[in-house]
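Asks: Quick one: the structure is below, questions incoming.
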Amino acid sequence: MIERYIYAVIKELPKNVREEVAAELRALIGEMIDGMDDSFSEEEKINRVLRELGNPKELANRYRGKERYLIGPKYFDQYILVIKIVILSVFIGISTVSGFAGIFSMNVLAKMIGSYIGTLFSAVMQGVAWVTVVFAVIEYKDSSYESNRIQEEWDPSQLPELPDEKALISRGESIFAIIISTIMIFFFFIPDKVGLYYLLDGQLNFIPLFNPENLAPFKVVVFIVFIINIVIELIKIIEGRWTMRTAVSTTILHIISAALIIFIMNIKNIWNSDIAQSFELFTTIPFENAISFAAVVIVIVTITSSASALYKGVKYGNRKYGV
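Here you go:
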């Protein structure tokens with residue numbers, strides 16, 4: 065119970081002061097328990113001391129010295145992490161696409177570098193701005209909700225459980241997925257450069273994968289798919305653990321994303337007919353069958369990942385953690 069109370073306090077504080085505050089609280093609570101009448105049981109002593117200290121959020125506010133933030137301590141670490149991911153993803157994405165496009169461009173090097181730097185700066189600024197807005201909204205909603213809860217009478221029985229390590233979500237997987245999605249977004253803006261490259265008699269040959277003019281009307285849909293996949297991973301990073309809210313929201317987004325991908329894949333005129341002929345030339349499988357097979361794989365992966373997410377949400381979501 066004591067450790068749960070301490071955790072409920074320090075999770076609201078900046079990371080660099082958490083250990084110091086935790087040690088101070090342990091010492092304070094220990095002294096207060098030792099000073100109580102021995103007629104009380106150990107459990108009663110702890111309960112009375114925690115009631116006297118009060119709501120852990122109010123105590124955290126006193127340690128902070130102020131209560132209002134644009135991005136508060138609760139989400140600040142995730143905010144900084146997401147900012148770093150956005151900057152890294154944008155840098156890798158724009159650098160990869162710019163380098164790839166530059167191989168087939170006749171532009172002057174100085175002009176290409178200037179365009180690259182300008183695009184990179186603009187994309188990073190927009191990314192940081194949008195991340196800040198999203199986290200500010202989350203902070204505002206959370207602060208409004210918590211301020212109402214603080215006004216209610218507090219009881220130690222309301223303390224959240226300490227987080228289960230098995231309920232935690234791997235940040236590394238989410239970061240990798242965001243970077244890959246970002247690179248794919250940037251490649252999507254140069255569909256005429258995406259396709260099959262091969263050497264024949266020492267010459268580099270290229271067959272486009274798409275018909276850019278037929279793909280253009282669906283750009284918004286494809287862009288939404290990539291954004292949904294990034295949002296899924298951001299939800300995991302912000303939440304940090306599996307809950308029913310995390311599981312249900314990511315499952316819904318996975319299903320929407322998969323449905324949109326399959327819808328786009330089955331639009332025949334977006335595919336370059338030459339790539340279909342080349343595919344059938346080197347394999348015994350018709351191109352349409354390959355598309356159908358890919359759709360089945362997407363459905364299986366979506367069902368598997370959704371079932372896994374919901375299982376973890378049910379298993380760990382009914383526990384009141386303090387993450």
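With the working numbering, letter number 97 in the sequence shown gets 161, and the count goes up by one each step, no holes.
Just so it is clear, CB atoms sit at the ideal spot from N, CA and C, and this is done for glycine as well.
Tell me the DSSP secondary structure of I271 in three-state form.
Replies: Strand at I271.
Asks: Give me the Cα-Cα distance between L268 and Y261, rounded to the nearest whole angstrom.
Replies: Between L268 and Y261, the C-alpha separation is close to 7 Å.
Asks: Would you call the CB atoms of V258 and G191 closer than 8 Å?
Replies: No; because the gap between Cβ atoms is not below 8 Å, this pair is not in contact.
Asks: So, at 8 Å on beta carbons, what are the nonlocal neighbours of L273 in its own chain, with the 5 sequence-adjacent residues on each side left out?
Replies: The residues are P255, V258, G259, L260, W335, N336, I339.
Asks: Just verifying my parser: in three-state terms, what is the DSSP assignment at F351?
Replies: Looking at F351 - three-state DSSP - the assignment turns out to be helix.
Asks: From G163 to E122, what distance separates their C-alpha atoms?
Replies: If you take the alpha carbons of G163 and E122, they lie about 53 Å apart.
Asks: Please classify W306: does DSSP put it in a helix, a strand, or coil?
Replies: Reduced to three states, the DSSP call for W306 is coil.
Asks: Just tell me which of E76, I144, I292, V378 has its CA closest to the CA of I325.
Replies: Comparing Cα positions, the closest option is I292.
Asks: Buried or exposed: where does G182 fall if 16 or more other Cβ atoms within 10 Å of its Cβ makes it buried?
Replies: With fewer than 16 Cβ atoms within 10 Å of its Cβ, G182 is classed as exposed.
Asks: Between G381, P350, I319, N119, which lies nearest to V363 when the distance is taken from Cα to Cα?
Replies: The residue with the shortest Cα to Cα distance from V363 is I319.
Asks: List the whole-angstrom C-beta distance separating I110 from M65, where the pair is believed to meet the contact cut-off of C-beta under 8 Å.
Replies: Yes, they are in contact, since the Cβ atoms of I110 and M65 sit about 5 Å apart, within 8 Å.
Asks: With DSSP as the reference, label L260 as helix, strand or coil.
Replies: Three-state DSSP puts L260 in a strand.
Asks: Let me know if W194 comes out buried or exposed under the rule of 16 or more other beta-carbons within 10 Å of its beta-carbon.
Replies: When all chains shown are included, W194 counts as exposed.
Asks: Taking C-beta to C-beta, are M100 and R112 nearer than 8 Å?
Replies: The answer is yes: Cβ separation under 8 Å.
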